[in-house]
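Below: the structure, in structure tokens.
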Amino acid sequence: MIESREVLVLISLLSVAAAGCDQGVSQAKPFPAKAIKVIVPFAAGGGSDSFARIIQSAVEDEQLLDEKLVIVNVPGAGGTIGSRRVKNARPDGYTVLLLHEGMMTAHYSGRAAYGAEAYEPIAGSGDAAQVIAVAANSSHRDLQDLMTVAADRPDQIVFAANIGAPSHFAGMMLEQTTPEARFRYTQTGGGAKRFAALRGGHVDASAFSIAEYMQFRPAGIRALALLGQERNEELPQLPTAIEQGYDVISQNMQFWWAPRGTSPERLSTLADAIEAAMRTPAVRDQLAQMRIDPHFVRGEDLEREIQTRSCRLAAVAATPTQSLPDFARLTLLIVVGLAVICWLQRRQRAAVPSPVRVTPKILVTSTATLILSTIGYVLLLQATSLGFQLATFAFVVVAGVTLYRADPPLGRTIRSTSAAMSILCLVAIGLSLGVHYLFTQVLVVDLP
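Just so you know, our numbering puts 82 at position 95 of the sequence shown, and the rest follows in order with no gaps.
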């Protein structure tokens, strides 16, 4: 029968060898040596997706990188599903995230337990101020009138927002400027849904990007204030909130992020390409049509920009950020502890000869081992940087050993431990490499 010590030694040796080979290959090839995945944590067709594809096209047309950028849309949970995928990705520069202030608002609203500190910032590109708007026939003449009513009659003005997103924080920033002012927020969703609610009379006010406002204005909405540092040249008659006596700035910048630990050299290569793309006439023309300022920051300026915006949002955080227990690590420790207990019990039983037969106890133990190893496998993929191939190899080996021990006829058929291990390792290698190739090359699915 296969000894646990032999399995652990073999897994360790193969893991070290695979890691060494991977490191040698990565050092031999210049970056990038393959396509770079840009995770956009929203559905295709939205503002972030359009921005990403504009940069993607410029990088390809101008040959700013040796390999292409591949846009992967991972919508859901206000952008946190896609951001979590990049946070847990291998820090090799081949998986990056494009996410605006939603990175920070999700953290400060309690929707995500992590924020900008969990990533390496690459660059900030484009900047668009928000607009506070009401229906065209609204009785609110300007921002002061709106805030006066919000203070005199708290919770009476219904403010449409995507809770936890920049539109929500825009309203909270306004509340902070006026004592006793309080809006009643309603979860509405994206810009189109907020416009429909406003136009239909279901809400009283909301925040929109300049591009959204320009699109919806002919259909019947009116702007009260621009939440930028200065007036916009396309809306010269619209005063800023600062001009009206409310110190509120809410501008949305598209930030590019890489997993924590990505090398500075690769971050610089990516930033160079994005900066060069932002300077091209084609990109500037398309951003002008989207009412986005072609602003670009990197390095220390980027760090200051992120810090400034984070502090601004933290000051009006909807809920305090709470530190939750690390359930993934706790579960992994429990799995390891149970595995150690099973190993100790097996060592004790090995000293007592017993006939080889399948018993209910063996079946229960084997089933439990398979379940726990599956849980451990999932946690390894989510909570560590081990990588899909090595984690899958380890999981197949553990599962194979468990099935081998639970099947006495198989044990009598393959009497040589070395033969059994050879077969098992070949199967594990084939599955880990084959499944990885199937998902990444054929199905184009982003794996850990």
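For glycine and all other residues, C-beta sits at the position ideal for the given N, C-alpha and C.
Look up residue i in the DSSP assignment and say whether it is helix, strand or coil.
i	result
LYS24	strand
HIS94	helix
SER255	helix
PHE170	coil
ALA120	strand
VAL235	coil
GLY188	coil
PRO281	strand
ALA45	helix
ASP114	strand
PHE195	strand
THR361	helix
GLN376	helix
ILE150	coil
ILE241	Residue identity check: residue 241 is Gln in the sequence provided, not Ile. Strand.
ILE58	strand
VAL303	coil
Could you check the C-alpha separation between residue i and residue j for me, to the nearest Å?
i	j	result
TYR424	VAL73	20 Å
ASN438	ILE109	Lying outside -12 to 435, the shown extent of the chain, residue 438 is not represented and no answer is given.
LYS180	SER297	27 Å
ALA386	ALA20	34 Å
ILE416	SER154	49 Å
LEU85	MET408	44 Å
MET265	ARG77	27 Å
MET240	VAL388	52 Å
PHE375	GLN163	47 Å
GLN436	ARG71	No answer is possible for residue 436: it lies beyond the span of the chain, which begins at -12 and ends at 435.
GLN131	GLY158	14 Å
GLU107	GLU88	15 Å
ALA439	ALA100	One cannot answer for residue 439 here, as it falls past the ends of the chain, which runs -12 to 435.
From the DSSP output, read off the bridge partner residues of residue i.
i	result
PRO246	TYR106
ALA212	ILE119
THR82	LYS24
THR227	LEU213
If contacts are defined as beta-carbon pairs under 8 Å, then residue i and residue j qualify, I think. What distance do you get, rounded to the angstrom?
i	j	result
GLY111	LEU289	5 Å
ARG171	GLN143	7 Å
GLY80	THR295	Contact doesn't hold; Cβ gap of about 26 Å is too wide.
VAL27	ALA39	5 Å
MET91	TYR233	The pair is not a contact, with the Cβ atoms about 21 Å apart (cut-off 8 Å).
GLN231	ASP114	Not quite, the Cβ-Cβ distance comes to about 21 Å (not below 8 Å), so this is no contact.
THR379	SER419	4 Å
VAL145	VAL190	4 Å
Original post:
With contact counted as at least three CB pairs below 8 Å, one residue from each stretch, are the region 178 to 197 and the region 117 to 131 in contact?
Top reply: yes
**OP:** Give a yes or no on contact between the region 203 to 216 and the region 57 to 65, applying the rule of three or more CB pairs nearer than 8 Å.
**Re:** no
**OP:** Indicate whether the contact test is met: 3 or more Cβ pairs, each with one atom in the region 93 to 101 and one in the region 123 to 131, closer than 8 Å.
**Re:** no
Original post:
Any contact of the region 149 to 160 with the region 250 to 257, i.e. 3+ C-beta pairs under 8 Å?
Top reply: no
Subject >> the region 214 to 227 contacting the region 37 to 51, beta-carbon criterion three pairs below 8 Å >> reply: no
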